[in-house]
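Report on the structure given below.
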Amino acid sequence: MMADTKLPTGTSNTPPANTNILNGVGGGISAPFIRYPIGTSLLMAGILFVGLVAYPLLPVAPPGCWATAEELATANAAAAATKMSNGFILGLP
Numbered sequence: 003m004m005a006d007t008k009l010p011t012g013t014s015n016t017p018p019a020n021t022n023i024l025n026g027v028g029g030g031i032s033a034p035f036i037r038y039p040i041g042t043s044l045l046m047a048g049i050l051f052v053g054l055v056a057y058p059l060l061p062v063a064p065p066g067c068w069a070t071a072e073e074l075a076t077a078n079a080a081a082a083a084t085k086m087s088n089g090f091i092l093g094l095p
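Residue 3 is where the sequence shown starts when you use our numbering, and the numbers rise one by one after that.
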């Protein structure tokens with residue numbers, strides 16, 4: 003037979019009632035999302051809808067407007083030369 007073990011005075015196995023997420027107290031930033039799962043689902047659907055509407059509006063370069071590696075190297079070398087001639091190296095004064 004197992005001996006009846008008692009917890010020290012003032013302790014229990016359950017958390018205090020005021021820290022229950024479903025009571026609206028405690029739980030941090032995630033508590034409202036746990037308490038209101040339908041509202042959370044509607045919020046996520048709204049964010050998805052806004053993303054789908056905004057996606058086609060993102061600016062994109064027209065086809066054939068890509069620079070070659072040589073063009074990029076030339077542009078970077080020119081920018082570096084300009085900075086060095088002005089006394090700036092790697093953006094440091």
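Using N, Cα and C, we set each Cβ at its ideal position, and we do this for glycine too.
Just so we're clear, the structure is a prediction, and the values are computed from it rather than from any experiment.
Could you compute how far the alpha carbon of alanine 71 sits from the alpha carbon of methionine 46?
Approximately 41 angstroms, taken between the alpha carbons.
Within this structure, are the beta carbons of threonine 42 and phenylalanine 51 separated by less than 7 angstroms?
The answer is no: Cβ separation not under 7 angstroms.
Going straight from the alpha carbon of glycine 29 to that of arginine 37, what length do you get?
So the two alpha carbons sit approximately 10 angstroms from each other.
What is the DSSP secondary structure of tyrosine 38, counted as helix, strand or coil?
In this structure, tyrosine 38 counts as coil in the three-state DSSP scheme.
Alpha carbon to alpha carbon, how far is alanine 69 from alanine 80? Give it in angstroms, no decimals.
Looking at the two C-alpha atoms, the distance is approximately 15 angstroms.
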